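Only one structure is covered here, and it is reproduced in the block below.
Numbering (UniProt numbering), first residue to last: 1 to 307.
Quick look at the structure:
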């Protein structure tokens, strides 16, 4: 149960006996507490979303995954910077019961990407067209030459050596042959019961994320697979260590991208996440700190501090 307590003019939620056991349920609770409070701010992308707006976008993208025939337990590889799309994709994948294979931005070679997709048995890849000065669209196109012709041949996309992969998703606003635009996936589910069935099947032991990091001269290193419960417990620990409340704003610097506990910790306490830039930029960080009045700064899984 949720008990609502007034403190310093804000309604804050005091959690009852049983906390949410999944990421999606945690977001639902945040919406129930403070639906119109600002949840996510991206400075360079000029986006401000309330918890209600964030949740609506998460639902739409999660439905988009189901519409593309992703099944509970499927793996979606994520190769994204410090962006709204990254936060949104990770939350939507969690909502849809998918497992994230989070690719750290230092991974830059086609051979490394191929290893990750094969090792994780990824059913989909979501990527940013350009990141860290490289053209990731070209890398993906070179890895999957079938993208250029499968629609013309009226075939199903099933690239050689990647038998699990069926969807290549770009965050580009421009159409790219053979690829799916992330924004085009934002749909209202024609079968609302499909998402409800998925949601009911998830619990704290459902696998949620694994990270792949670059190792010079070797294949990317795979981390331990973390469940919904694992990440929520670690996010709770982080929130407690920072004495996080709904009045806080967490600045994700982008210095360490990939999987971060910052957004989950923020959602659990109705705090706000601020993204200063898609790639780490000290000037952008300082400007966002000043303009947005952030109280916590950090990146990565647990590298956060009060300022």
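No residue lacks a Cβ here, since even glycine has one placed at the ideal position from N, Cα and C. None of these values were measured; they are calculated from a predicted model.
Count the other CB atoms, across all protein chains shown, that sit within 10 Å of the CB of residue i; report buried if there are 16 or more and exposed otherwise.
i: residue 197; result: exposed
i: residue 258; result: buried
i: residue 90; result: buried
i: residue 101; result: buried
i: residue 298; result: buried
i: residue 158; result: exposed
i: residue 112; result: buried
i: residue 185; result: buried
i: residue 42; result: buried
i: residue 269; result: buried
i: residue 87; result: buried
i: residue 149; result: exposed
i: residue 296; result: buried
i: residue 241; result: exposed
i: residue 140; result: buried
i: residue 260; result: buried
i: residue 215; result: exposed
i: residue 217; result: exposed
i: residue 153; result: exposed
i: residue 14; result: With a pLDDT of 40 at residue 14, under the threshold of 50, the modelled position of this residue cannot be trusted, and the question is left open.
i: residue 306; result: exposed
Would a C-beta distance cut-off of 8 Å place residue i and residue j closer than the cut-off?
i: residue 94; j: residue 124; result: no
i: residue 284; j: residue 248; result: no
i: residue 30; j: residue 267; result: yes
i: residue 276; j: residue 251; result: yes
i: residue 81; j: residue 278; result: yes
i: residue 84; j: residue 99; result: no
i: residue 143; j: residue 179; result: no
i: residue 288; j: residue 273; result: no
i: residue 312; j: residue 96; result: Nothing about residue 312 can be reported from this structure: the residues present for the chain run from 1 to 307 only.
i: residue 61; j: residue 20; result: no
i: residue 303; j: residue 256; result: yes
Going by C-alpha to C-alpha distance, which of the options sits closest to residue i?
i: residue 177; options: 227, 193, 151, 233; result: 151
i: residue 63; options: 187, 160, 157, 258; result: 187
i: residue 263; options: 289, 288, 301, 295; result: 301
i: residue 45; options: 180, 171, 306; result: 171
i: residue 225; options: 217, 208, 215; result: 208
i: residue 22; options: 137, 67, 200, 294; result: 200
i: residue 137; options: 174, 255, 153, 155; result: 174
i: residue 59; options: 287, 103, 122, 194; result: 194
i: residue 221; options: 71, 103, 68; result: 103
i: residue 227; options: 191, 204, 68; result: 204
i: residue 316; options: 69, 92, 232, 280; result: In the structure displayed, the chain extends from 1 to 307; residue 316 sits before or after that span and is not available.
i: residue 68; options: 292, 168, 229, 213; result: 168
i: residue 233; options: 54, 156, 265, 253; result: 265
i: residue 254; options: 191, 71, 286, 48; result: 286
i: residue 71; options: 202, 219, 292; result: 202
i: residue 230; options: 206, 246, 54; result: 206
Residue i: beta carbon under 7 Å from a heavy atom of the ligand GDP?
i: residue 153; result: Absent from the structure shown: the ligand GDP. Ligands present: none.
> What are the uninterrupted segments assigned as alpha helix (DSSP H) that are 4 or more residues long and contained completely in the UniProt domain "AMP-dependent synthetase/ligase" (28-143), given in chain order?
Replying inline: 51-67, 84-95, 110-120, 136-143
>> Give the list of continuous beta strand (DSSP E) stretches no shorter than 3 residues that lie fully inside the stretch 189-214.
In response: 207-213
> Using 8 Å as the threshold, is the stretch 106-121 in touch with the stretch 22-40, meaning 3 or more CB pairs across them?
Replying inline: no
> Is there contact between the stretch 124-136 and the stretch 228-240, where contact requires at least three CB pairs shorter than 8 Å?
Replying inline: no
> Is the stretch 110-124 in contact with the stretch 161-173, if contact means three or more CB pairs nearer than 8 Å?
Replying inline: yes
> In chain order, which beta strand (DSSP E) runs of at least 3 residues are fully inside the stretch 245-303?
Replying inline: 249-252, 272-275, 296-299
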